[in-house]
Each structure stands twice: as C-alpha cells, then as structure tokens.
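**Student:** If you scroll down you'll find the structure; I have some questions about it.
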Amino acid sequence: MFKTVLIYILIINYINAGDVKLALSANVHYAINDLIKKFNEKNPNTNIEVIIGGSGKLTAQIKHNAPYDIFMSADMQYPNYLYKHKIAITEPKIYAQGQLAYLTRKKIDLSKNINTINNKIIKKIAIANPKTAPYGKATKEALINAKLYYTNKHKFVYGESISQTVAYTRNATDIGFISLSSLYSPQMKKYRENIDWKKIDNNLYTPIKQGVVILKKGKNNPEVKAFYDFILTDEAKKIFKRFGYITS
Numbered sequence: 617m618f619k620t621v622l623i624y625i626l627i628i629n630y631i632n633a634g635d636v637k638l639a640l641s642a643n644v645h646y647a648i649n650d651l652i653k654k655f656n657e658k659n660p661n662t663n664i665e666v667i668i669g670g671s672g673k674l675t676a677q678i679k680h681n682a683p684y685d686i687f688m689s690a691d692m693q694y695p696n697y698l699y700k701h702k703i704a705i706t707e708p709k710i711y712a713q714g715q716l717a718y719l720t721r722k723k724i725d726l727s728k729n730i731n732t733i734n735n736k737i738i739k740k741i742a743i744a745n746p747k748t749a750p751y752g753k754a755t756k757e758a759l760i761n762a763k764l765y766y767t768n769k770h771k772f773v774y775g776e777s778i779s780q781t782v783a784y785t786r787n788a789t790d791i792g793f794i795s796l797s798s799l800y801s802p803q804m805k806k807y808r809e810n811i812d813w814k815k816i817d818n819n820l821y822t823p824i825k826q827g828v829v830i831l832k833k834g835k836n837n838p839e840v841k842a843f844y845d846f847i848l849t850d851e852a853k854k855i856f857k858r859f860g861y862i863t864s
C-alpha cells in the first residue's frame with residue numbers, strides 16, 4: 617500500500633514538473649515576456665502559464681483554491697494576507713517597487729504636473745479601483761495629498777486592474793493614472809514623456825512595494841522554486857528597471 621501511494625505521488629509530481637502557473641498582477645504583464653524569455657535561457661523546458669488580473673481579484677481566486685503556483689502581487693498586503701493564513705508557503709519578498717504616471721490623449725500643457733487634471737478640458741479620469749488594485753490605492757493617496765481627489769472624484773472612471781485602466785485611458789477618458797511600467801511596453805512607445813505623459817512625484821504616495829510568494833500548490837515543484845528564485849535575481853532586476861520599476 618505504501619509503495620502504491622509513493623508511486624502515485626511521484627507520478628503527480630512528474631506530471632506537474634516543467635509547468636508553472638503564475639498569478640500575475642496586471643502591472644507586471646508588460647515586463648513578463650522579457651522575464652520569461654530570460655528565465656527560459658537556462659530553463660528551456662519550463663512552461664510558464666500566466667494568469668493576469670488585479671491583485672485583489674487574484675487573491676480572492678487563490679483563497680478559493682485557484683490552482684496557481686506563484687503569486688506576483690502589486691503590493692505586500694495581499695501576499696502577507698496569504699502567508700498569514702498559510703495559503704502561501706514562503707514569506708513575502710519584494711521583487712520591485714512600482715511607480716505612478718499619468719497619460720492623456722488631449723493636447724494640453726503638462727507643466728502643472730498632477731494639477732493638470734484641473735484643466736477644464738478634462739471631463740473623465742481613469743483610475744484603478746482603490747478598493748482592489750494597489751495602484752488605484754496609491755493614485756487615491758496621491759490625489760488626496762495633492763488636494764485634488766474630492767474636487768475631481770465625480771470625473772473618475774474605475775478600472776478593475778491597471779490593464780483595464782490603461783485601456784480606458786487610451787480609448788475612453790481624457791486622462792488616466794497608470795503604472796509607469798505600462799508606458800515602456802511596445803504598444804505604448806508612441807506616447808512621449810512630458811508631452812503625452814508624466815511621472816507622478818513619488819513623495820505624494822506610499823512606495824508601491826510589490827511582493828511575490830510561492831503558494832501551497834507549488835510546494836513540491838522544483839520549476840516553481842527556480843522561477844521564484846529567478847524573479848529575485850539581479851538579472852530580473854535589470855529587466856524590471858528597464859520597465860520603470862525601482863529595484864534598489
């Protein structure tokens with residue numbers, strides 16, 4: 617009986633080996649292809665399956681037993697929650713620090729920085745949902761500190777993730793608060809700094825420290841551990857930095 621059970625466990629582990637299911641905060645999806653490409657240089661047989669979403673929604677899925685191996689969040693709060701409740705098996709570690717920017721489709725003067733949203737031409741403002749998206753929470757904090765939140769709240773159009781907020785900004789609203797990383801993606805290269813977009817003063821919001829954890833499902837998969845370790849390497853940090861993240 618013992619041998620049968622042992623063989624069964626080994627077969628399951630063998631089937632899972634080589635595949636990693638990664639729950640990925642939407643802000644990182646602009647950098648993930650470069651990260652996987654670099655990882656696969658030394659691990660060519662490992663397939664990384666990426667599930668992209670808002671950190672809050674991904675956490676809810678993980679709580680309800682979604683079969684993910686690794687969670688890369690847009691903050692530390694959600695990974696800490698999962699670790700505290702023994703859903704994550706590794707203590708959360710910071711892999712990068714995100715930054716905020718705003719982007720507009722309108723031809724307006726950006727010299728007033730974040731106060732640009734007071735321009736009369738701005739009727740709709742895209743922001744990520746502060747209740748579930750860490751970048752939305754940081755945006756709200758920045759606007760409150762700049763004394764712009766309550767006077768402009770009626771203009772807000774909420775995205776459930778940074779990806780959706782970027783889509784709203786490009787197609788539906790006059791201006792949007794997005795991750796700086798999104799502006800370094802190939803499809804966003806046409807937008808020019810200080811003309812179409814500008815970085816938001818980091819002093820206006822709490823640093824967006826982004827955490828990674830291995831989840832219970834990934835416990836016995838060596839490929840999961842290999843990718844997790846890679847995300848914390850200097851090689852990975854170079855890629856994050858290229859996409860506008862702070863890595864030191």
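Residue numbers (my numbering): 617 to 864.
Ideal Cβ placement from N, Cα and C applies to all residues, glycine included.
Between the Cα of I862 and those of I668, Q677, Q713 and M688, spot the shortest distance and give me the residue it belongs to.
**Tutor:** Taking only the C-alpha atoms, the option nearest I862 is Q713.
**Student:** Please list the segments of the alpha helix (DSSP H) lying wholly inside the segment 688-767, counting only runs of 4 or more residues, in order along the chain.
**Tutor:** For the segment 688-767, whole alpha helix (DSSP H) runs of length 4 or above, ordered along the chain, are 693-700 and 750-761.
**Student:** Nearest by alpha-carbon distance to N643: which of K756, Y844, S689 and T662 is it?
**Tutor:** The shortest C-alpha separation from N643 is found at S689.
**Student:** Starting from E839 and walking both ways along the alpha helix (DSSP H), at which residues does that stretch end?
**Tutor:** First-last of the alpha helix (DSSP H) with E839: P838 to I847.
**Student:** With distance defined between alpha-carbon atoms, name the residue in I710, M692 and N731 nearest to T748.
**Tutor:** Minimum Cα distance to T748 is reached at M692.
**Student:** If you follow the beta strand (DSSP E) that K814 is part of, which residue opens it and which one closes it?
**Tutor:** Note, K814: beta strand (DSSP E), W813 to K815.
**Student:** Which one of D635, P802, Y774 and K722 has the shortest CA to CA distance from I867?
**Tutor:** An answer regarding residue 867 cannot be provided, because it is not within the stretch 617 to 864 covered by the chain.
**Student:** Helix, strand or coil, according to DSSP, for G834 in the structure here?
**Tutor:** G834 falls in the helix class under three-state DSSP.
**Student:** Does DSSP classify S671 as helix, strand or coil?
**Tutor:** S671: helix per DSSP, three-state reduction.
**Student:** In angstroms, rounded to a whole number, what distance separates the CA positions of K722 and G792?
**Tutor:** Using only the alpha carbons, I get a separation of about 11 Å.
**Student:** Tell me, please, whether the segment 698-710 touches the segment 823-835 by the rule of three or more beta-carbon pairs shorter than 8 Å.
**Tutor:** Yes, the segment 698-710 touches the segment 823-835.
**Student:** Considering only their Cβ atoms, is the gap separating T781 from A758 smaller than 8 Å?
**Tutor:** No.
**Student:** With DSSP as the reference, please indicate the residues paired to G827 in a beta bridge.
**Tutor:** The partner list for G827 (beta bridge, DSSP) reads I710.
**Student:** Pick out whichever of A639, A647, K771 and V636 has its Cα sitting closest to the Cα of S798.
**Tutor:** Checking every option, the nearest Cα to that of S798 belongs to A647.
**Student:** Which residues in the same chain as N632 place their Cβ atom closer than 6 Å to its Cβ, once the five residues preceding and following it in sequence are excluded?
**Tutor:** A caution first: N632 carries a pLDDT of 44, below 50, which makes its placement in the model unreliable, though a value can still be read off. So the list reads N837, once near-sequence residues are dropped.
**Student:** Quick check on this structure: which residue in G670, Y807 and E665 has the alpha carbon closest to the alpha carbon of K753?
**Tutor:** If we check each option's Cα against that of K753, G670 comes out closest.
**Student:** Whole-angstrom Cβ separation of K814 and Y718, contact assumed at under 8 Å?
**Tutor:** Indeed, because the Cβ distance is near 6 Å, the residues count as touching under 8 Å.
**Student:** If you draw a straight line from the C-alpha of P802 to the C-alpha of F859, how long is it?
**Tutor:** Distance between the alpha carbons of P802 and F859 is about 11 Å.
**Student:** Can you look up N663 in the DSSP assignment and give me helix, strand or coil?
**Tutor:** In the structure shown, N663 sits in a strand (DSSP, three-state: E or B).
**Student:** Per DSSP, which one or two residues make a beta bridge with I862?
**Tutor:** I862 pairs with Q713.
**Student:** To which residues does DSSP link Y774 through a beta bridge?
**Tutor:** I743, per the DSSP bridge assignment.
**Student:** Could you tell me the boundaries of the alpha helix (DSSP H) in which L640 lies?
**Tutor:** Counting along the chain, L640 falls outside any alpha helix (DSSP H), though it belongs to the beta strand (DSSP E) covering D635 to S641.
**Student:** Can you round the beta-carbon distance between L651 and A852 to whole angstroms, since I take them to be within the 8 Å contact cut?
**Tutor:** At roughly 6 Å, the Cβ-Cβ gap stays under 8 Å, so L651 and A852 are in contact.
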